[in-house]
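Read the structure below first, then the notes.
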Amino acid sequence: MFNKLIPNNQNLLITILTIFSLAVNQYYGNKGVFPIEGFAFFDTAYRIFHGDVPFKDYWAVSGVFIDYTQFIFFKIFGVNFQAYVLHASIVNCLLTIMTFFYAKNLNISIYFCFFYALIFSLLAYTTSGTLYVDNHASLICLAAIYFFIFGIIQNRKNYFFLVPPLIGIAFFTKPAPTIYIFLFLSIVLLAYVITSKKYQILLNLFYSTAIFLSFIFLFIYLQNIPIELILEQYFYFPVTIANQRYENFTFSFDNVILNFKFIYFFLIPLIVINLKKLVYIKNYFTHDEFSIFFIILGFTICLIFHQLNTKNQLFILFLIPVICILLHSQLMKARIEKKNFLITFFTIACIFFTYKYHIRFNENRKFHEMVNVNFNLAADASKIDKKLTGLKWITPSYSTSPNAEIGLIIDTLKVLKFDSSKKMIISNYSFFSAILEENTYSPSRWFISNGGAYPIEKNKYFSSYKNYLYEIIDKKQIDSIYVIFPVKEEELLRYVNMKCFKKKMMNKIATKFEIIPKCQFKN
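For what it's worth, the working numbering labels the leading residue of the sequence shown as 3, then goes sequentially.
Structure, rendered in structure tokens:
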């Protein structure tokens, strides 16, 4: 009778996971905002309504796939912040459900499957809440990893068919860490096919890769995007950033070990178990169990390397339940004393670490630099515009006076609405296009001075971006350019000669640079 109840229990548990993973991300995605990250895809997705295309109309080093999927969300649910957060919430939900089945495929009790998936939902997209390229790409890669594992366990070749398009989608979300994971998976897939002699898998991989690439080339053709723009923005320029980061990388115990100690807490016992099996079990490296371990190990190393290289806030915390699930599964099969005690111990540790990170990253919003923010001071963002209804507005820059920041934004919107000229807006409040319901021709989704979003001085593609900016101004017949604090004027003036502008302070945060007709922009 109990066995008959399990399918019903499973449906109930999946329903609970679905509701919880959606709701928890939706809640924390509305708890404060870090404008440069929190609105990164808001205007770019909206601008697709106006016919804008990444690479041609704004410099795109990542996030192209997110722009188009968010455009679809806006098309279905309307242009509003809740539809924006819902996109991230649905990704959080889908990967949570997949994590449940990942645990189930490893023969873990259905209630432990539920427990681990619940923990995963707190540590996956929820730490950001809003759309973020690293979370998005990493989670899509994890989906590819899951399908690879499902294909191994269930011996079904169709699962492998889904791996290349998922990796491709992740790549067009963010090249790194996708490229590391692609290279690793390619090696593992080839080794798996050779050792298992399942050569049909290669045919499935070839077909799905060909279909995906055909779709990409068709899209490029229909959108009339010059290939050289894609190569320069998405391949060549990011390589210069990566090379610079490699040169500045410092190996230290704190950097490599202590920052990821709670991931290693579960990973090291898993490594020990498999090393022992390699010694005592003949040809263990050809076993499916070892393949699954090696996939999770490689995926973890790729993400740790990427995290070290980007030096961003921790976004790979979801690895804790992913690794713990596999450790749980292998402990169940291990011939060791007190294995039930060890399973309980690691489960409790998983709960403790999740609670710790939940408080730090979800409640205190550390990911978006809001650890010291008093959220009781948050204001209703609908004061800015109804499209932002539901967002509790408070930012790191105005943590003690959110209403003052809202007032400045409202005043800036009035200035922009009154100005009927064709204008470009350079701002990290990337919602002006959507609120004004007009194209504001921003040349990038981010404006940061460190050169991570577009080339700055001393970068080999600096002059290329400068000419790209000139072409946008000329092609779109821009009359004036607004630079809105905290973005600094140098994000414009490092490319364009000041003598071509009439500068005017419009309010405390908005500066207007009116373009002098027929002026030569080049410095």
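Ideal Cβ positions, reconstructed from N, Cα and C, are used throughout, including at glycine.
- For a cut-off of 8 Å, the C-beta gap from tyrosine 127 to alanine 90 is around 5 Å, short enough to register as a contact.
- Taking the Cβ atoms as the reference, threonine 513 lies roughly 7 Å from lysine 505, within the contact range of under 8 Å.
- Comparing C-alpha distances from lysine 106 to each of Leu141, Ala85, Ile155 and Tyr223 shows the shortest one belongs to Ile155.
- In the three-state reduction of the DSSP assignment, phenylalanine 503 falls in the strand class, which pools E and B.
- Annotation: the continuous alpha helix (DSSP H) that includes lysine 263 extends over 263-282.
- With three or more CB-CB distances shorter than 8 Å, the stretch 117-136 counts as touching the stretch 20-28.
- Where lysine 425 is concerned, the enclosing beta strand (DSSP E) starts and stops at 425-428.
- Residue environment for valine 165: buried (at least 16 other C-beta atoms within 10 angstroms of its C-beta).
- Rounded to whole angstroms, the separation of the alpha carbons of cysteine 502 and isoleucine 142 is 45 Å.
- Exposure of phenylalanine 208 is indicated by the presence of fewer than 16 other C-beta atoms within 10 angstroms of its C-beta.
- Under the three-state reduction of DSSP, phenylalanine 320 is assigned to coil, being neither helix nor strand.
- A distance below 8 Å between beta-carbons, with the five flanking residues on each side excluded, links lysine 341 to the following residues of its chain, in chain order: Leu333 and Met334.
- Look at the stretch 324-381 and you find these whole runs of alpha helix (DSSP H), each 4 residues long or longer: 341-359.
- The DSSP-derived three-state label of threonine 513 is strand.
- When Gly392, Ile294, Asn245 and Leu272 are compared, the shortest CA-CA separation from leucine 108 is found for Ile294.
- Residue pairing from DSSP places serine 446 in a beta bridge opposite Trp61.
- With 16 or more other Cβ atoms from the protein chains shown falling within 10 Å of its own Cβ, serine 130 counts as buried.
- Excluding residues up to 5 positions away in sequence, Thr414, Val417, Tyr484 and Lys514 lie with their Cβ nearer than 8 Å to the Cβ of methionine 508 in the same chain.
- Beta-bridge partners assigned by DSSP to serine 482: Lys425 and Glu516.
- A contact between stretches requires three or more CB pairs, one per stretch, nearer than 8 Å, and the stretch 182-189 meets this requirement with the stretch 286-304.
- Counting along the chain, the unbroken alpha helix (DSSP H) around lysine 77 starts and ends at 66-79.
- Between the stretch 461-475 and the stretch 396-413 there are fewer than three inter-stretch CB-CB distances shorter than 8 Å, so the stretches are not counted as touching.
- In the DSSP secondary-structure assignment, proline 488 is not bridged to any residue.
- Note on the stretch 159-204: whole alpha helix (DSSP H) runs with a minimum of 4 residues are 160-163, 165-173 and 177-198, in chain order.
- In summary, arginine 158 is exposed, with fewer than 16 beta-carbon neighbours lying within 10 Å of its beta-carbon over all protein chains present.
- With contacts defined as CB atoms closer than 8 Å, proline 37 and threonine 402 fail to qualify as a contacting pair.
- With a 10 Å radius around the Cβ and a threshold of 16 neighbouring Cβ atoms, threonine 175 comes out buried.
- Isoleucine 480 is not a Cβ neighbour of isoleucine 427, given a cutoff of 8 Å.
- For valine 35, there is no enclosing alpha helix (DSSP H), as DSSP marks it with neither H nor E.
- Straight-line measurement puts the Cα of serine 482 at about 22 Å from the Cα of phenylalanine 57.
- The three-state secondary structure of lysine 388, taken from DSSP, is helix.
- According to the DSSP assignment, histidine 138 belongs to the alpha helix (DSSP H) that extends over 135-156.
- Around the CB of arginine 367, 16 or more other CB atoms lie within 10 Å, so the residue is classed as buried.
- Exclusion of the five residues before and after proline 240 leaves Val63 and Pro177 as the residues of its chain whose Cβ lies within less than 7 Å of its Cβ.
- In the structure shown, lysine 416 falls within a helical segment according to DSSP collapsed to helix, strand and coil.
- When DSSP states are grouped into helix, strand and coil, proline 457 belongs to the coil group.
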